[in-house]
Ligand SMILES: Nc1ncnc2c1ncn2[C@@H]1O[C@H](COP(=O)(O)OP(=O)(O)OP(=O)(O)O)[C@@H](O)[C@H]1O
Ligand SMILES: [Mg+2]
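Protein chains in written order, with our numbering: chain A, 1340 to 1496; chain B, 205 to 308.
Okay, structure coming up:
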């Protein structure tokens, strides 16, 4: 195995029901637990995934019960790459959609989903084609705890 | 998801429970709005101290209740905000409305 290969990968498919927002958060949390993230890193990841999955359900599919694809890869270095994909309506203007407070969602949506993803993760990429769907790629680098421990034991011993 | 509403004079406190996401926010919103429309409280306090997870749907929930209570001539207070939730609230600019009670 090369050093750049992921140490683990997962792929999930689920229907775009809002009750699956909690499922997606739980699934990603238990997958990335292998990297031993801090509580706050874990909460950042769960929140960002919740935003992207909710967008696919609310905006991507709307009344349609489509399929959401969730994929994740983790790397020895502590890097996590998560991809959330839908085959929904797509976004006509991605940079406009990513502006804070921009929303097409009406009264109960605040237009903050992308802003939250950007602030809680180290990287956010959005690829979308109207009529074809949207792919959001999230990246996060968690600090490897064994690295910290090694440093400590080097100091002590 | 659970929710407990207590009334003290013209002040209503809603103790929210569970995760706040798009799915749970809908029923929370419906229950709060029904209650607020009936009771027309002077102060509506949303207590977040039992909330362990909240995404931007929670901001929509707060904003919507803020608008409703204002129309009814009342005032909204947000209490029990943890560090995690406080980060989202800061991002939203809701902090500048002066409705968040600093504590915890
Ligand atoms: N998967 C998607 N499919 C189609 N449109 C999307 C998708 N994700 C986002 N959008 C568009 O981008 C806009 C901004 O999304 P963002 O998550 O930032 O805010 P929001 O969902 O409208 O509100 P909030 O997330 O605060 O509840 C949405 O209103 C919608 O128009
Ligand atoms: Mg959103």
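Glycine is no exception: its CB is placed at the ideal position from the N, C-alpha and C atoms. Only a predicted model underlies this, so the values are computations on that prediction, with no experimental measurement involved.
Separation of residue j from residue i, as counted between CA atoms
i, j, result
"residue 210 of chain B", "residue 1469 of chain A", "47 Å"
"residue 1370 of chain A", "residue 277 of chain B", "48 Å"
"residue 1432 of chain A", "residue 1481 of chain A", "31 Å"
"residue 263 of chain B", "residue 1394 of chain A", "15 Å"
"residue 236 of chain B", "residue 1411 of chain A", "37 Å"
"residue 239 of chain B", "residue 1451 of chain A", "27 Å"
"residue 1401 of chain A", "residue 1448 of chain A", "14 Å"
Residue i vs residue j beta-carbon contact at 8 Å
i, j, result
"residue 1399 of chain A", "residue 1427 of chain A", "yes"
"residue 233 of chain B", "residue 265 of chain B", "yes"
"residue 227 of chain B", "residue 1368 of chain A", "no"
"residue 1391 of chain A", "residue 1423 of chain A", "yes"
"residue 292 of chain B", "residue 1455 of chain A", "yes"
"residue 1407 of chain A", "residue 1467 of chain A", "no"
"residue 1458 of chain A", "residue 301 of chain B", "no"
"residue 252 of chain B", "residue 206 of chain B", "no"
"residue 1384 of chain A", "residue 1479 of chain A", "yes"
"residue 305 of chain B", "residue 282 of chain B", "yes"
"residue 1364 of chain A", "residue 1388 of chain A", "yes"
Span of the alpha helix (DSSP H) around residue i
i, result
"residue 1452 of chain A", "1452-1459"
"residue 251 of chain B", "That residue, residue 251 of chain B, is in no alpha helix (DSSP H); its beta strand (DSSP E) goes 247-258."
"residue 1499 of chain A", "Residue 1499 of chain A lies beyond the residue range present for chain A, which begins at 1340 and ends at 1496; the question has no answer from this structure."
"residue 1381 of chain A", "1378-1394"
Cβ-Cβ separation, residue j to residue i (assumed contact under 8 Å), whole Å
i, j, result
"residue 258 of chain B", "residue 303 of chain B", "Not confirmed; about 16 Å, so no contact."
"residue 1366 of chain A", "residue 1409 of chain A", "7 Å"
"residue 250 of chain B", "residue 269 of chain B", "7 Å"
Endpoints, beta strand (DSSP E) assigned at residue i
i, result
"residue 1423 of chain A", "1418-1425"
"residue 206 of chain B", "206-212"
"residue 288 of chain B", "It is not in any beta strand (DSSP E) - residue 288 of chain B instead sits in the alpha helix (DSSP H) that spans 287-296."
"residue 1483 of chain A", "Unbroken run through residue 1483 of chain A: none, as it is neither H nor E."
"residue 1467 of chain A", "1462-1468"
Residues near residue i by beta carbon distance below 8 Å, same chain, minus five either side
i, result
"residue 208 of chain B", "218, 219, 221"
"residue 1435 of chain A", "1441"
"residue 216 of chain B", "209, 210, 239, 240, 243, 245, 247, 248, 249"
Close Cβ partners of residue i (< 6 Å) along its chain, the five nearest in sequence each way excluded
i, result
"residue 1464 of chain A", "1476"
"residue 1453 of chain A", "1437"
"residue 273 of chain B", "248, 280"
"residue 1376 of chain A", "1481"
"residue 229 of chain B", "261, 265"
Neighbourhood of residue i by C-beta distance below 7 Å, restricted to the same chain and skipping five residues each side
i, result
"residue 1413 of chain A", "1345, 1346, 1347, 1371, 1373, 1374, 1419"
Chain-ordered chain E contacts of residue i [CB-CB under 7 Å]
i, result
"residue 1357 of chain A", "Included in the structure are the protein chains A and B, with no chain E among them."
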